[in-house]
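Residue numbers (the numbering used here): 920 to 1269. Here is the structure we will look at.
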Amino acid sequence: MALPTVLKRAVPKNVQSAVKSFLWPEYSPVPPPQKVIEFWVDVVSGCNLRCTACPVGMPEYTNSIGQKLTEMPIELFEKICLKAKADTNDNCRFGLYNWTEPTLHSRLHELIACAESHGVPCGISSNLNYDYDWSLLKPLRLWNFTITVSGFTQRTYQINHKGGRIEPVLANLIRISETLGDWECFQNIDVRYLVHKQNLHEVHLFKHFCDKLGIKFSPYHAYYMPIDKMFDGLETIPPELEYIYYSPQLVQQAIGDHRSQNCFMRESQVCLDHEGNFSVCCVQSPSAPSIANYLDTPYQVMQAKRYGSELCKKCTSTGINIFATYGMQEPPEIQQSIEKLLPVDLKDFR
């Protein structure tokens, strides 16, 4: 049923629109946008570094990471791809990382190709301490390629990236620029410099290096991992993390009594280990027991288990979710309150 032509000519357009909304309230010419669901999938069981602010580098978090490297089989990965597509109505993308180093997987390029064949965009993150054959990525597409660094000299880099060496990082960046400089996804490569108290003097050095290579450079505040350390940080600063200025206490002071249920880490993100098991969120330690296997669990059941977890309740009640997400989902006044207390303005490095 449409409005009669005579009425169309006689009635103003704004009135026509109001009448149409009244008669056909379900009418919506443009469907509302939906959040892309990101699946962070650890495709190997280990990492080649033992970073200071990461549970992989903390002796108190006993787990299998690094003791024996196990790779996720392509067959399992493909099943996860297909279920993720079905669960999200084709509205998902993958990041092949969380606590581990994806370039250690001997068939990483095949995993990415598998996801591509099913229309699932893939991204990777790397510390660049492993000499990967970057030419394997050239026939493929990546929606992001994140490279994490924290210093330009070995003396500074090793403060946070414990067990790592800056020489192979810089050499790999040069190789990436030479090998992938004309790649269609080259602009999706992002060097993320984790800024802390003791590496401020080398931010501009690394930015200059990246500028010369034509690679994007983004500074980020370094922060505590895993969530257990965040909770500890509300009471006192762990001695080993004293070098990090972005602390739970600082954010707690900034937000006061403000609390929020906002958290994109549970709303639009799913984290799986190399066996396909899901956890509460990406900041939960890999040594913590997983909830269940993703392939065996309906999506809504999985989300209910995550939202209903004691960890989630403790996190939102203490405001740690605001700390862990940099306050990005909070009202402008809360974001500004956090920024005012920070001793470093990242805009100075951009």
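Cβ atoms here follow ideal geometry from the backbone N, Cα and C, with glycine treated the same way.
Check this for me: beta carbons of residue 1204 and residue 974, under 7 Å apart or not? yes
Quick check: the Cα distance between residue 1019 and residue 969, rounded to an integer number of angstroms? 10 Å
Could you name the residues that DSSP lists as bridge partners for residue 1012? 957, per the DSSP bridge assignment.
Under a Cβ-count criterion, where at least 16 other Cβ atoms within 10 Å of its own Cβ denotes burial, should residue 1266 be classed as buried or exposed? exposed
Since I believe residue 1152 is in contact with residue 1168 (beta carbons under 8 Å), could you give me their beta-carbon distance rounded to a whole number of angstroms? 6 Å
Excluding the five sequence neighbours on either side, which residues of its own chain have a C-beta within less than 8 Å of the C-beta of residue 1036, listed in chain order? none
Pop quiz: residue 1094 and residue 1053 are said to be a contact at Cβ under 8 Å. What is the actual Cβ separation, rounded to whole angstroms? 6 Å
Tell me the rounded alpha-carbon separation between residue 1257 and residue 1238. Roughly 13 Å separates the two Cα atoms.
Does the Cβ-Cβ distance between residue 1188 and residue 957 come in under 7 Å? Yes, the Cβ-Cβ distance between residue 1188 and residue 957 is below 7 Å.
Hey, is residue 1188 close to the ligand FMN, as in C-beta under 6 Å from one of its heavy atoms? For the ligand FMN, the structure offers nothing, since it holds no ligand at all.
Residues bridged to residue 1111 by DSSP? According to the DSSP secondary-structure assignment, residue 1111 is paired through a beta bridge with 1067, 1137.
Going by C-alpha distance, which of 1147, 1149, 1142 is nearest residue 1163? 1142
Buried or exposed (CB count within 10 angstroms, at least 16 for buried), residue 1127: exposed
Which one or two residues does DSSP pair with residue 1041 in a beta bridge? 1013
Are there 16 or more other CB atoms within 10 angstroms of the CB of residue 1025, so buried, or fewer, so exposed? Answer is exposed; the Cβ neighbour count stays below 16.
Pairwise C-alpha distance: residue 1034 and residue 1067: 24 Å
Three-state secondary structure (DSSP) of residue 1207: coil
Bridge partners for residue 1188 per DSSP, in chain order? 957
Report back the beta-carbon spacing between residue 1184 and residue 1170 to the nearest angstrom; my notes put them in contact at under 8 Å. Rounded, the Cβ-Cβ distance is 15 Å, inconsistent with contact.
Provide the residue(s) that pair with residue 1196 in DSSP beta bridges, ordered along the chain. Residue 1196 pairs with 1212.
Is the beta carbon of residue 1121 sitting closer than 7 Å to the one on residue 1075? yes
For the candidate residues 1111, 996, 1001, whose alpha-carbon lies nearest to that of residue 1092? 1111
For a minimum of 4 consecutive residues, which ranges assigned as the alpha helix (DSSP H) are wholly contained in the segment 1220-1265? DSSP runs (the alpha helix (DSSP H)) wholly in the segment 1220-1265: 1229-1237, 1239-1243, 1251-1260.
Cα-Cα, which of 1261, 972, 1001, 999 is closest to residue 1080? 972
Tell me, please, which residues DSSP counts as bridged to residue 990. 963
Distance between residue 1031 and residue 1046 (C-alpha atoms, nearest Å): 18 Å
For residue 1130, which of helix, strand or coil comes out of DSSP? helix
Judging by CA-CA distance, which residue of 1249, 959, 1160 is the nearest neighbour of residue 1039? 959
Run through DSSP, which three-state label would residue 976 get? helix
Three or more beta-carbon pairs under 8 Å between the segment 1224-1239 and the segment 990-1007, yes or no? Cβ pair count under 8 Å is below three, so no.
What do you get for residue 962, buried or exposed, if any count of 16 or more other CB atoms within 10 angstroms of its CB means buried? buried
May I have the straight-line CA-CA distance separating residue 1087 from residue 1077, to the nearest angstrom? 13 Å
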